Every structure is written in structure tokens, then in C-alpha cells.
Amino acid sequence: MIISRPKTKAANRTIILPAPLLSVLKEYRQQVHSHWLFPSPRKDDLPLDPASVRKHLTTILERAGCKHIRFHDLRHLFATMSLEHGMDVKTLSTVIGHVSSSTTLNIYAHVTDEMRQTAARKIDRGIGKAEFTAETESAAKKSAPSTFRPYKGQRRKAGTGCVTQINDHLWEGRYSPVWPDGKKHPRNVYTKTREECEQLLAEMILQMKAEIAAEKERLRLEKQVS
643 MIISRPKTKA ANRTIILPAP LLSVLKEYRQ QVHSHWLFPS PRKDDLPLDP
693 ASVRKHLTTI LERAGCKHIR FHDLRHLFAT MSLEHGMDVK TLSTVIGHVS
743 SSTTLNIYAH VTDEMRQTAA RKIDRGIGKA EFTAETESAA KKSAPSTFRP
793 YKGQRRKAGT GCVTQINDHL WEGRYSPVWP DGKKHPRNVY TKTREECEQL
843 LAEMILQMKA EIAAEKERLR LEKQVS
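In terms of our numbering, the sequence shown opens at residue 643 and continues consecutively.
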């Protein structure tokens, strides 16, 4: 685990782990002689580098014959599956560290739309006494063929971040600069159009560059004092 500066106040939160995972971690912890849960195999008293973890993920995906995904995509998968299995938006917003529930609703609107349709069918069945045949329910579950095609941008200049189309109504802008501590601390923005995403991404990059410059200056002054 690497402790770094959170993006927002909502990022300071407690993550509740499922019991099976806790059992695995407790067993693993007995084999690790370090105060880090995942220590570096090469550098004493340092945590495992995130780049090493990403390499492990790439290896696992290749061996499983899966397409390449980012760790951030696993976050989207968790959120989508949580909504599909009944977690309310407010709780999910707290778990994944969104500032407000509206952010969660905007990003995962496609899931909540399907949930509303399912709820409407249940109301019709319970209150309106509507009869649904197997064919009707099957047809309702099948969504229309999607015409969505992910946007694949051209190679961008260094320092301009990246823009990805997540679905037909959501764009993600991401910037992952190296901070003075030598680590990458990525941040993301989400919008409904590519143009908005490019604009917000550019603004975020300027803000992050200013923060990095201020942090470098702070460290320089601390070094002079010491």
C-alpha cells in the first residue's frame, strides 16, 4: 500500500474488505516480515512499486487470454456490478470516494437506467397485476444492439494526458504526472462530451502542474533549512 495525497476529502475513507479476502491476507501476512503489507522484493523497507503490480496484471491477462485493461477499469467493473446487485447509489458513492452521489449517477447512468426499468416491471407485476410471459421478460432483458464504438485517439504529446470514451455518453480524461516523491499520482475528470473532457482535462493539468511546482519549492526550502 502506498499512502499519498488524496484528490478530495471524500478520498479519505474506510474500505471494508470481504471476509474471504481478509482470510487470504491474514495467511499471507504471516509470511511477510515487513511493516508493509506488500513490500518491495529489491529495496529494503519500501513498498512494492505500482509499476510492478501493473506488470503482474498484464501477465495475468495475457495468460488468461483477456484483453488489456487498466486497474482503473476494475474500479468501473466493481461499481457497475455493485449497482447491478442492489447496492444503492449513495452507499456506492461513499465506497468509491466520489464527492457526491450525483457524480456516481452521471458516470453510471446506463446502469441506473436499467435498474429503473427493472423496478418499473416489478411495480407493474405487483401493483398493476401485469402478466409477463417468458418471451416478454426475455425481450425486456435484451437491450437493443449498441452502436457504441470506443474512441481511440491518436498518440498525444507528452504532458497532455489522455482521453478515453468509456461508453456512448461518458468520456474520461486522465493525467498521470510524476510528483516530487518519484511516484505517479493520476487524476481523472468525467464529462458527457469529448470537447468538455478536453477542456476540463487541460484545466486539471494546469492545476496539477502548479501543485507539483509548489511541492518542489516546499521541498527545496525544507532542504535548505535542514
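In this text, a Cβ means the ideal position worked out from N, Cα and C, and glycines have one as well. Since this is a predicted model, take the numbers as computed values, not measurements.
Euclidean distance between Cα positions of arginine 712 and arginine 860 | Their backbone Cα atoms lie some 33 Å apart in a straight line.
* In the DSSP assignment, find the beta strand (DSSP E) that holds arginine 829 and state where it starts and stops. => Per DSSP, arginine 829 belongs to the beta strand (DSSP E) from 829-833.
Mind checking whether isoleucine 738 and tyrosine 832 have CB atoms under 8 Å apart?
Not in contact: isoleucine 738 and tyrosine 832 (Cβ atoms no closer than 8 Å).
Report the partner residues of glutamine 807 according to the DSSP bridge assignment. According to DSSP, glutamine 807 bridges with Trp813.
Taking 8 Å as the cut-off, decide whether the C-beta atoms of proline 828 and isoleucine 854 are in contact.
No. Outside cutoff.
Cα separation between glutamine 807 and glycine 815?
-> The C-alpha of glutamine 807 lies about 9 Å from the C-alpha of glycine 815.
Review point. Looking only at DSSP bridge pairs, what is valine 820 linked to?
Key: For valine 820, which the question treats as bridged, DSSP gives the partners Lys826.
Rounded separation between methionine 850 and glutamate 838 - CA only
Straight across, the Cα-Cα distance linking methionine 850 with glutamate 838 is about 18 Å.
DSSP-derived helix/strand/coil call for proline 683
For proline 683, the secondary structure class from DSSP, reduced to helix, strand or coil, is coil.
Pull the bridge partners of proline 660 from the DSSP assignment, please. Answer is none; proline 660 lacks a bridge partner.
If you draw a straight line from the C-alpha of lysine 825 to the C-alpha of glutamate 704, how long is it?
Their Cα atoms are separated by approximately 26 Å.
* To do: Could you please give the first and the last residue of the uninterrupted alpha helix (DSSP H) stretch that includes valine 741?
  => Careful: valine 741 lies outside any alpha helix (DSSP H) and carries neither H nor E.
Requested in this report: Go ahead and label leucine 688 buried or exposed: buried means 16 or more other beta carbons lie within 10 angstroms of its beta carbon, across all protein chains shown.
Outcome: Its Cβ having fewer than 16 others within 10 Å, leucine 688 is exposed.
Less than 8 Å separating the beta-carbons of glutamate 840 and valine 867?
No, they are not a contact pair.
- With respect to the alpha helix (DSSP H) encompassing proline 689, which residues constitute its N-terminal and C-terminal limits? Counting along the chain, no alpha helix (DSSP H) covers proline 689, and no H or E run does either.
*DSSP state of glutamine 672, grouped into three classes?*
If DSSP states are grouped into helix, strand and coil, glutamine 672 belongs with coil.
How is the alpha helix (DSSP H) around serine 724 delimited, first residue to last? DSSP places serine 724 inside the alpha helix (DSSP H), whose first and last residues are 713-726.
Quick one, are the C-beta atoms of threonine 745 and leucine 734 less than 8 Å apart? Going by C-beta atoms, threonine 745 is not nearer than 8 Å to leucine 734.
Legend entry - Other residues of its chain near proline 662: CB distance less than 8 Å, five sequence neighbours each side excluded: If we look at proline 662 and ignore the five residues flanking it on each side, it has no Cβ neighbours.
Is the beta carbon of threonine 736 closer than 8 Å to that of arginine 836?
Cβ distance not < 8 Å, so arginine 836 and threonine 736 don't count as in contact.
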